[in-house]
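In my numbering, the protein residues as written are 86 to 199.
Here a beta-carbon is modelled for each residue, glycine too, at the ideal position from N, C-alpha and C.
Since the structure is predicted, the reported quantities are computational estimates derived from the model, not experimental observations.
This report refers to the structure that appears directly beneath it.
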């Protein structure tokens, strides 16, 4: 079932809003990572290293989602949005409403999780 123009517009707006929020989160993360240059006891330095590692993991996760959203927006422009990358079938509206950058249909997602 092809998408109506209003459905496409709604998904595009949802994706663009999510991308804007993620870009803001990444900028905020980068701006607020400041561990100073003071000399601390080793325990505090270890905590800072651990926190930096955790923040790096969050940033990587955000960047991965950022790439998926950008890819979905490109697919929208090329006409491939809403098609499963694995089997080529349409991705259901219920799944796209929950995960608008989804690359796989429900069946293919379930197969990958096994």
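Query raised in the report: Thinking just about the alpha-carbon of each residue, which of 155, 138, 169 is nearest to the one in residue 106?
Result: 155
task = Using DSSP bridges, identify the partner residues of residue 168.
result = 175
* **Beta-carbon proximity of residue 191 to residue 178, cut-off 7 angstroms** => no
* Asked: Counting contacts by CB-CB distance shorter than 7 angstroms, is residue 182 in contact with chain C?
  -> Protein chains in the displayed structure number just one, and chain C is not present.
Practice problem: Grab the span of the alpha helix (DSSP H) containing residue 198 for me, first residue to last. | Solution: 191 to 198
| said: For a test of the three-state rule: what should DSSP assign to residue 184, helix, strand or coil? | reply: coil
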